[in-house]
Amino acid sequence: MFTGQNLKLTEELLEAIRFFNHKGWSPATSTNYSARAENKSEYIISRSGVDKSKFCSSDLILINAKGEVLPPFNQPGIKSSAETEIHTALYDMFPEVNCVLHTHSVLGTVLSHSLVKEKQIRFEGFEILKGLEGNKTHELVETLPIVPNSQVMSEILNNIKGRLDKNVHGFLIAGHGLYTWGKDIATAKRHVETYEFLFECYHTMRRI
Ligand SMILES: CSC[C@@H](O)[C@@H](O)C(=O)COP(=O)(O)O
Ligand SMILES: [Zn+2]
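For the sequence shown, the residue numbers in UniProt numbering are 1 to 208.
Put into structure tokens, the structure is as follows:
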């Protein structure tokens, strides 16, 4: 149902979603994804509750900045992600962001669960840090905030809003998963992969 630039965006998003599922970062119906549409005040976003191993192009729908499902997708039973409010808030906060991705990997889940009291993870000295937009060297400290989980999206947003700025590339919801974003789908996908690699490094270093 998408055409032109929006169709291209859905194809690219779908490729990233399949990659994440293949990596084991989107079990069952978990995770959600969005991209800013050709009309910059609209967003392409994943439907709620879809098994990500079966996710297909018809599971991507169009919403406005209020999170309302737009025609022709506003049919009975079609709901945008339960976490739509987080996506629209991030686009509102960062006008240069054109893609928001949310994954549920085992490492992101357990690290955020065990480090929730620390409120953040600090990554330092890894070459892969240059995978996060704007980082030019491994000699820096990258902070990834952790906020408590909640079924109320406004609570998650209240806890994270004051902790985000242009040097922060994502955040973890404790025992739940990762949110990251980028100027385009490729950048946001690179951020997911970079964080996953950093989680592996962090976890491995805690064990040795
Ligand atoms: C397996 S339930 C996971 C959900 O509660 C949620 O965290 C999630 O990531 C997906 O929700 P969705 O409404 O499908 O976008
Ligand atoms: Zn989730």
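Each residue gets a CB set at the ideal place from its N, CA and C atoms; glycine is no exception.
Keep in mind that this is a model prediction, so the values were computed, not measured.
Query	Result
What are the residues that DSSP puts in a beta bridge with L178?	T103, L172
CB-CB under 8 Å to I160, same chain, minus the five flanking residues each way: which ones, in chain order?	P145, V147, F171
Assuming contact is defined by CB atoms lying nearer than 9 Å, are I121 and T84 in contact in what I supplied?	no
Let me know the secondary structure DSSP gives F19 once reduced to three states.	helix
Whose C-beta lies closer than 8 Å to the C-beta of R47 among residues of the same chain, with five residues either side of it excluded?	D59, L60, I61, I78, K79, S80, S81
Look at H102 and Y43 and say whether their C-beta atoms are less than 9 Å apart.	no
Return yes when at least one heavy atom of ligand 1 lies under 8 Å from the C-beta of V50, else no.	yes
Who are the near neighbours of E96 in its chain, counting only those whose CB is closer than 7 Å to its CB and skipping five residues on each side?	K183
Express the C-alpha separation of P27 and residue 209 in angstroms, rounding to a whole number.	No answer is possible for residue 209: it lies beyond the span of the chain, which begins at 1 and ends at 208.
Taking the beta carbon of T204 as the centre, do at least 16 other beta carbons fall within 10 Å, making it buried, or is it exposed?	exposed
Could you pull out every residue in the same chain whose Cβ sits closer than 6 Å to the Cβ of E127, ignoring the five residues on either side in sequence?	H138
Between residue 213 and V100, which are expected to be in contact by the criterion C-beta below 8 Å, what is the C-beta distance as a whole number of angstroms?	Here the chain has residues from 1 to 208 only, and residue 213 is not among them.
Grab the span of the beta strand (DSSP E) containing F123 for me, first residue to last.	120 to 124
Helix, strand or coil for E83 per DSSP?	coil
Anyone know if the C-beta pair for V141 and F123 falls short of 9 Å?	yes
Are the beta-carbon atoms belonging to A174 and N158 less than 9 Å from one another?	no
Using only alpha-carbon positions, find the residue among H191, L13, V50, D92 that is nearest to K40.	D92
I17: which of H169, T31, L132, Q75 sits nearest, CA to CA?	T31
Where does S57 fall in DSSP's three states?	helix
Distance, Cα to Cα, S57 vs I185?	16 Å
For E200, which residues in the same chain have their Cβ closer than 7 Å to its Cβ, ignoring the five residues on either side in sequence?	L107
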